[in-house]
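Numbering (the numbering used here), first residue to last: 1064 to 1610.
First the structure, in the form of structure tokens, and then the observations on it.
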Amino acid sequence: MYCRYCGTKNPDHAKFCLRCGKPLLPADVRTSGRTEEANPVEKNPVSGSEPGGNREREGNEGHTEDEAYIPGIPSEYVSPAAPAPAEDGTEAANRSTAMSGKQPFYRKKRYMIPLVIVLVLLVAAYFSGKYMTSPVRTVDAFEQAVRDQNTGVLKSLILPSEHTHVNDAQIKAMLALFKSHPGIYSQVVSDLAASAHHPDRTALSHALYYLQKDGKKYLVFDNYKIGTTPIQAKILTNLKGMSVGIKGVGRAQTAAQADDQSPQSLTVGPVIPGEYGFYGDSDKLSTAKTADLTRSGKTIDFSGVYLTIQSNLNGAELYVDNKDTGETVSAAKTYGPFKKSETPVFYAKYTVGGKSIKTNSVTIVRDSAMDSGDGNRITLSEAESSGIDLEFDNVDPSSDFYALDGNDEQSNSQNLNGYFQGFYDALSSAVSDDMPDDFKTYFVNGSSYQKAQLQSAKKFYDQGITESIQDFTVDHVKKIGDGLYAATTDESWSESITDPDTGDSKDKDFSYTNTYQLQETAPGELKIVGQKISHRQDSDASSDSSY
């Protein structure tokens, strides 16, 4: 049979052309076109030729001898049949040359189609990859995630320049900064948009967030993320043992070297720019503060405030914010720590025998809230420099108002100098002049001790004895009970005894150590409730005067 594509003659049983490889017509198709020529005699009855005489011509009716006839296929689709080889080979060579000119076209066609498809796919993949890795697409994804508050997407987009680990707390801090400061977010978006159109340019020095290359994607394209410079902050505290840090970020640090005279600075971070919560916890003070971090170097001060407290009655109880601190003014000496943001109110209260007196309140205020001319309000800076004065009005320890402090013996001794000077003068008047009115005020009115002292003074007067104090020293004052003190004095006296019958007088000096028991009975009031004399020494051994 002959190939209908290239005209090559092939064996009858072949299914594909031996030259071009194209499929050949099945046998039934080849024979169907010959049914009408099955009886050549009937087809041409007029002819007188013998059967089979013109079979070759009849079978090739309408075709030349040089054409290949393929039954059932129109002649216009049939290529010329290969002729029998000529003896000199000229005609066969010509046909072979003609046929070989067509074969390369069919073979190229078979390989060009897959190459075109591959080329189209590569071009499509290139432009698709370029779109997927576009810096503009990265910026758009960032803006969308901010609008959606999508911490997961943002966490995958943010890439600090130092590869700091970014967690959810930092992303939330960034979103909080954008919400609190819309102007900052607008600037960030503007900077990112500018970077997206010129990704090869260096990031702006002021930009909080900027485009940054992060390796390759799909092996060819630059991968972009949102870059930023990590920020560190400092926390200052003067409280030893205070734990400080950023909420949700990293571990707490402990101020092991801090004290109220030498604060310690601890570095926290690094973190991405945002609005963070800082904390400081100690056994004396716990505090927290929210602050924006947009540049390194910010300092958060968690130092506690200590204020010096002073009063003209150091034994008075110190009250802060209407609560008793449990300490006297002298015992407290300073009050603190408290936060700089607080506005505490101070006053002192002095209570004796159920009777109380108190000072005016002093309030710590901010400088901006200070009212001019208000003596009961003081700024924190003024309080830190000059302390808090809690003065009891009309109280003068050098007068008849006497108050003792169980924690300040030196102050007590000074206060009692005036007290005992008045007592000794009253005693001299009672003994020498029979004027006991002042003397009796130094004892609890109506007490048996008061009666005994008045009787003794009267007896000395009746005996013609006069006494006067020469010198004394208050050596020790010690608290021995609730409002009860023991005061030890060294006393030197001069005494004169006049004989009522002869009028003769005899003078002598004596000294002794006396321990008095003093009871606070009301604010500023002291009563002598007992005494004990020891170490008496007389200049005249015959004298036996006493009281």
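Heads up, the beta-carbon is just placed ideally off N, CA and C, and yes, glycines get one too.
- Assignment of Leu1178 by DSSP, reduced to helix, strand and coil, places it in the helix class.
- Excluding the 5 residues flanking it on each side, Asp1601 has same chain C-beta neighbours closer than 8 angstroms at Lys1571, Asp1572, Phe1573, in chain order.
- Here Thr1391 is not near Tyr1410, since their CB atoms are 9 angstroms or more apart.
- Of the other Cβ atoms in all chains shown, fewer than 16 fall within 10 Å of the Cβ of Met1175; this residue is therefore exposed.
- Per DSSP, the unbroken alpha helix (DSSP H) holding His1260 starts and ends at 1245-1260.
- The count of Cβ pairs closer than 8 angstroms, one atom from the segment 1306-1318 and one from the segment 1369-1382, stays below three, leaving the stretches out of contact.
- If you draw a straight line from the Cα of Lys1590 to the Cα of Thr1388, it comes to about 28 angstroms.
- In the DSSP assignment, Ser1476 falls within the alpha helix (DSSP H) that extends over 1472-1496.
- With a contact defined as Cβ atoms closer than 8 angstroms, Ser1555 and Phe1535 qualify at about 7 angstroms.
- In the displayed model, Lys1279 falls within a strand according to three-state DSSP.
- Secondary structure at Gln1320: coil, using DSSP grouped into helix, strand and coil.
- DSSP, reduced to helix, strand and coil, places Phe1409 within a strand of the structure shown.
- For Gln1526, the secondary structure class from DSSP, reduced to helix, strand or coil, is coil.
- Under the criterion of beta carbons closer than 8 angstroms, Ala1256 and Val1216 do not qualify as touching, at roughly 19 angstroms.
- In this structure, DSSP gives Ile1294 an extended state, which the three-state scheme calls strand.
- When secondary structure is reduced to three states using DSSP, Gly1389 falls in the strand class.
- Thr1292 sits close to Ser1224, with the two beta carbons spaced by under 9 angstroms.
- Here the segment 1204-1214 does not lie against the segment 1292-1310, with fewer than 3 beta-carbon pairs under 8 angstroms apart.
- If you draw a straight line from the Cα of Asp1471 to the Cα of Glu1588, it is about 18 angstroms long.
- In the DSSP assignment, Gly1215 falls within the alpha helix (DSSP H) that extends over 1214-1220.
- Of the candidates Val1383, Thr1414, Tyr1413, Lys1412, the residue whose Cα lies closest to the Cα of Gly1399 is Val1383.
- Per DSSP, the unbroken beta strand (DSSP E) holding Asp1572 starts and ends at 1568-1585.
- Proximity to Ile1247 across Ala1259, Thr1426, Gly1332, Leu1271 peaks at Leu1271, based on C-alpha coordinates.
- A distance below 9 angstroms separates the beta carbons of Leu1467 and Val1540.
- Val1494 is positioned such that its CB atom lies no closer than 9 angstroms to that of Gln1582.
- CA-CA distance, Ser1359 to Ser1243, rounds to 19 angstroms.
- Distance from the Cα of Ser1258 is smallest, within the candidate group Leu1274, Pro1245, Gln1250, Val1251, for Leu1274.
- Glu1338 is the residue among Gly1450, Glu1338, Lys1288 whose C-alpha sits nearest the C-alpha of Leu1240.
- With a threshold of 16 other beta carbon atoms within 10 Å, Ile1180 falls short and is exposed.
- Of Thr1353, Ser1197, Lys1403, the smallest CA-CA separation from Gly1367 is found for Lys1403.
- A buried status is given to Val1251, since no fewer than 16 other beta-carbon atoms sit within 10 Å of its beta-carbon.
- Between Thr1442 and the set Val1199, Gly1450, Ile1427, the nearest pair of CA atoms involves Ile1427.
- For Glu1588, the enclosing beta strand (DSSP E) starts and ends at 1588-1601.
- The beta carbon of Leu1081 lies closer than 7 angstroms to those of Thr1071, Asn1073 in the same chain, with the five residues before and after it left out.
- Counting only residues of its own chain and dropping the five nearest sequence neighbours on each side, Lys1078 has a CB closer than 7 angstroms to the CB of Pro1086, Leu1087.
- Taking a C-beta distance under 9 angstroms as the contact criterion, Ser1374 and Phe1486 do not qualify as a contact pair.
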